[in-house]
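If you use the numbering used here, the sequence shown corresponds to residues 12 to 253, in order. We put the beta carbon where it would ideally sit given N, CA and C, even for glycine.
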Amino acid sequence: MSSMNYELLGILLTLVLMALTVALFILIDRREMLRLVKTFALMGTQVAVLGGSVWIVFRVDTWWVHLLWLVVMLLLALAWCLRETGRQWKRLLLPVAAAMVAGILVGGGCLMLALPWHCFVPVTGVLLAHLMVAVTQTIQTYERSLLHTEIHRRYLLANGATRLESLLPCVRRALRASVQPQLKTMAQPLIVAMPLLFAGMLLGGVSPADSVVAVLLFAAAAFVTTVVAAVVAIAVLFRLSR
């Protein structure tokens, strides 16, 4: 049997098993089955759109197309973060935008110095995924802390503390919240990094040694990106609330 036949057989078996699992949910829990189908449909649509855009970027392969792709992804990430913040998106537009731009420029710029130019799209894509979570967690935690510590901050200000000193507990909580998802990822490489980055690079033909180095570089860049974005977001919020 040729390799093409094995590939078709593998695809067919995967589809058959998928149909059997969906049928199992139909028999046991139809509501969960509908949720499952919607989730797969949404994932398939998003992956198709993302794959098509990345195909165009790699097909044209010019600097301005890569830059345009980054701008579009930044706008989409910005919209997602603002949606998560709720009705305060107008007030938070500048902090979120500044945090994401600063994070991607610092973290992505440093990482691209060590990697070839054709890695620009996957590098910025991975870092943007970390940025969306980090910026959202930072701003939400900071805003909640401001609300819950208002009386304590007034007490500190009345006793001679500066405005920055009164806000330090809120800043600590926000920074801690921004890096917690990243620390969990770094502490569980077999659960997160292995199936995503490492396995993806192995499928792409990268050697195991180079894959390990790339995963470590990605982790370091993602952590730097997260911290820079959190600091910038808090700094802009501090300036705007004066």
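Residues near residue i by beta carbon distance below 8 Å, same chain, minus five either side
| i | result |
| --- | --- |
| Leu247 | Reading off the sequence shown, one finds Val at residue 247, where the question assumed Leu. Taken in chain order, the residues that qualify are Leu105, Pro106, Ala109 and Ala110. |
| Leu186 | Thr149, Val238, Ala241, Val242 and Ile245 |
| Phe36 | Glu43, Met44 and Leu47 |
| Val60 | none |
| Glu5 | What the structure shows of the chain is the stretch from 12 to 253, and residue 5 is not part of that stretch, so it cannot be assessed. |
Assigned secondary structure, residue i (DSSP; H/G/I helix, E/B strand, else coil)
| i | result |
| --- | --- |
| Thr50 | helix |
| Leu228 | helix |
| Val83 | helix |
| Val217 | coil |
| Thr173 | coil |
| Ser252 | coil |
| Thr160 | coil |
Closer than 8 Å: residue i CB and nearest the ligand MG heavy atom
| i | result |
| --- | --- |
| Glu161 | The ligand content of the structure shown is nil, which means the ligand MG is not present either. |
Same chain, Cβ closer than 6 Å to residue i, neighbours up to 5 away in sequence not counted
| i | result |
| --- | --- |
| Ser189 | Ala145, Gln148, Thr149, Thr237 and Ala241 |
| Ser156 | Cys181 and Arg184 |
| Arg164 | Ser177 |
| Leu139 | Met84 and Ala88 |
Rounded separation between residue i and residue j - CA only
| i | j | result |
| --- | --- | --- |
| Phe234 | Leu228 | 10 Å |
| Arg183 | Thr152 | 10 Å |
| Tyr166 | Phe249 | 19 Å |
| Leu87 | Leu19 | 36 Å |
| Val223 | Ala90 | 33 Å |
| Thr50 | His159 | 36 Å |
| Val239 | His141 | 12 Å |
| Trp100 | Leu78 | 26 Å |
| Glu154 | Cys121 | 30 Å |
| Leu179 | Gln193 | 22 Å |
| His129 | Trp66 | 12 Å |
| Thr25 | Leu47 | 16 Å |
| Asn170 | Ser252 | 21 Å |
| Leu175 | Leu103 | 20 Å |
| Arg98 | Gln57 | 26 Å |
| Asn16 | Ala30 | 21 Å |
| Leu10 | Gly21 | In this structure the chain extends from 12 to 253, so residue 10 is not present and cannot be described. |
| Val33 | Leu23 | 15 Å |
| Met54 | Ile162 | 45 Å |
| Leu126 | Asp40 | 48 Å |
Neighbourhood of residue i by C-beta distance below 7 Å, restricted to the same chain and skipping five residues each side
| i | result |
| --- | --- |
| Ser64 | Trp80 |
| Met3 | Nothing can be reported for residue 3, as the shown portion of the chain is limited to 12 through 253. |
Exercise. Would you call the stretch 132-147 and the stretch 115-124 in contact, with 3 or more CB pairs under 8 Å?
Worked result: yes
Exercise. Which ranges would you report for the alpha helix (DSSP H) in the stretch 72-138 if only whole runs of at least 4 residues count?
Worked result: 74-96, 100-114 and 120-125
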